[in-house]
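Chains as they are written, first to last, in my numbering: chain A, 355 to 543; chain B, 355 to 543.
Idealized CB from N, CA, C, for every residue including glycine.
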DNA sequence: GGAATCATTTGTCATTTGGCAAAAAGCAAT
DNA sequence: ATTGCTTTTTGCCAAATGACAAATGATTCC
């Protein structure tokens, strides 16, 4: 819980009473490896915060290949905001790719907090905007750099991920095949 | 101006008085082809709305190549929000790539409006969030699809752009060389 | 321990793309 | 029309990557 409070307070100021109220609405959700946090075709019902473990957002492209869009590791929010906010079906899966421990808010509680706590919506806005900007910044180089550079960037961006998940997920994140990734790893070492 | 009002009202409701106030703060800025709206290394000072013409956001990658990150055509906001909001130096150029006519707000006016008009900040936030989400959605397929598919997607996303700008910009947007783009275009037709 | 299963690496060959330079096409000014 | 300039296309070869299959390595389960 402390991790989550610290995370929030990076984006604005709240008093102890407000923090307590927010904390009181959280529950802990444990997900086993490969379980879904939310699914394509359904409406996202929860906001999560990763305490332990790694999740990913993935979808299926034109050719039916499973593409990992990004990873979400410890101390980050995990939510399909588009689906959650607008109550529309998601087009992506959010999946635990290791065993995970999450703090979660139900949609009802989340919305009540937004209406109850002055300034909370501004903080949430800042959190979401920053996360979106980060996604753009992280995906952009994937287009303009060669595969080796992309892999090295991946290692920098997610320093604690590579040894904990299958390489196939990394390959699809980087937009290359597993074999190519394997060759790149061989070349680097 | 009507275009801008229509654009705003897609994201929320404002009364005539509020709309008039917003309108009163706009000025028209004309940019010649190749002129910059904002520059890397400087702090963005304006929010713009494209009435006519096409702009792009670009930067220089590791190898010093100029990369087009995205295009912004008619009836869209153009601003480096990260730089504008936080008064930090931008790392990208925003450039007119055709002659352009923009509506612009100065930073001072923009901030005053945010404080004056109830609900305006919520609208702005929705606009910015949607734009960011769109950027993520548009850049993601650039990683996982082959170059021909990417080019076809580009044509769908920006149907009014291809004949108005140099192919070199499109190539760098797609993450391929000009020659490859040329070959792809040849294959398609 | 051994079998079954899954993940990763490697080999081979085909295809795509890049780098470079030259040719062709488009465009503006005269 | 001619010239000069920029953009786009093409040709050639090398390098990177993909597709597919096989081999190797890791892990799990009995």
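- Message: Is residue 371 of chain A close to chain B? Criterion is C-beta to C-beta, closer than 8 Å.
- Response: no
- Message: Is the beta carbon of residue 424 of chain B closer than 8 Å to that of residue 410 of chain B?
- Response: yes
- Could you give the distance in angstroms between the alpha-carbon of residue 396 of chain B and the alpha-carbon of residue 426 of chain B? 20 Å
- According to the Cβ coordinates, are residue 394 of chain A and residue 446 of chain A closer than 8 Å? yes
- Message: Below 8 Å, how does it come out for the segment 360–380 of chain B and the segment 474–489 of chain B: are there three or more Cβ pairs, yes or no?
- Response: yes
- Answer yes or no: does any C-beta atom of chain B fall closer than 8 Å to that of residue 494 of chain A? yes
- Item | Start-to-end residues for the beta strand (DSSP E) that takes in residue 455 of chain A | 454–460
- Item | Straight-line gap, residue 461 of chain A to residue 416 of chain B (C-alpha atoms, nearest Å) | 42 Å
- Beta-carbon separation (whole angstroms), residue 505 of chain A vs residue 538 of chain A, contact threshold 8 Å: 5 Å
- Item | Assigned exposure category for residue 522 of chain B - 16 Cβ within 10 Å defines buried | exposed
- Could you list the residues in the segment 446–475 of chain A with a C-beta less than 9 Å from some C-beta on chain B, going in chain order? 475
- Exposure label - residue 528 of chain A; buried when at least 16 CB within 10 Å: buried
- Expected contact under 8 Å - CB spacing of residue 408 of chain A and residue 519 of chain A to nearest Å: 6 Å
- Message: One question on the structure: do residue 383 of chain B and residue 402 of chain B come within less than 8 Å of each other, judged by their Cβ atoms?
- Response: yes
- How long is the line joining the alpha carbons of residue 449 of chain A and residue 369 of chain A, rounded to whole angstroms? 34 Å
- Message: Less than 8 Å between the C-beta atoms of residue 428 of chain B and residue 406 of chain B, yes or no?
- Response: yes
- Query: Where does residue 495 of chain A land, buried or exposed, given buried means 16+ other C-beta within 10 angstroms?
  - Reply: buried
- Tell me whether the beta-carbon of residue 459 of chain A lies closer than 8 Å to the beta-carbon of residue 380 of chain A. yes
- Pick helix, strand or coil for residue 404 of chain B, following the three-state DSSP scheme. strand
- Task: Could you please give me the residues that DSSP links to residue 392 of chain B through a beta bridge?
- Result: B:448
- Message: What does the Cβ neighbour count give for residue 544 of chain A, buried or exposed, with the cut at 16 atoms within 10 Å?
- Response: An answer regarding residue 544 of chain A cannot be provided, because it is not within the stretch 355 to 543 covered by chain A.
- Contact check, residue 534 of chain A vs residue 501 of chain A under 8 Å by CB: the rounded distance? 6 Å
- Identify the continuous alpha helix (DSSP H) that holds residue 610 of chain A and give its terminal residues. Here chain A has residues from 355 to 543 only, and residue 610 of chain A is not among them.
- Verify the CB distance criterion: does residue 416 of chain B have a CB-CB separation below 8 Å to chain A? yes
- Who are the neighbours of residue 423 of chain A on chain B, taking C-beta pairs under 7 Å? 494
- Contacts of residue 482 of chain B in chain A (Cβ-Cβ under 8 Å): 483
- Message: My assumption, with CB atoms under 8 Å, is that residue 372 of chain A sits in contact with residue 471 of chain A. Please give the rounded CB distance.
- Response: 5 Å
- Task: In angstroms with no decimal places, state the Cα-to-Cα distance between residue 558 of chain B and residue 444 of chain B.
- Result: There is simply no residue 558 of chain B to check, as chain B begins at 355 and stops at 543 in what is shown.
- Message: Let's see if you can read the secondary structure: which residues bound the beta strand (DSSP E) around residue 410 of chain B?
- Response: 409–414
- Item | Alpha carbon of residue 392 of chain B to alpha carbon of residue 413 of chain B, nearest angstrom | 12 Å
- Measuring alpha carbon to alpha carbon, tell me which of A:455, A:498, A:524, A:499 ends up nearest residue 509 of chain A. A:524
- Message: Can you list, in chain order, the residues of its chain with a C-beta nearer than 7 Å to that of residue 357 of chain B? Leave out the 5 residues immediately preceding and following it.
- Response: 405, 429
- Message: Under 8 Å, CB to CB, which of the residues in the segment 487–513 of chain B have a partner in chain A?
- Response: 487, 489, 490, 493, 494, 495, 496, 497, 498, 499, 503
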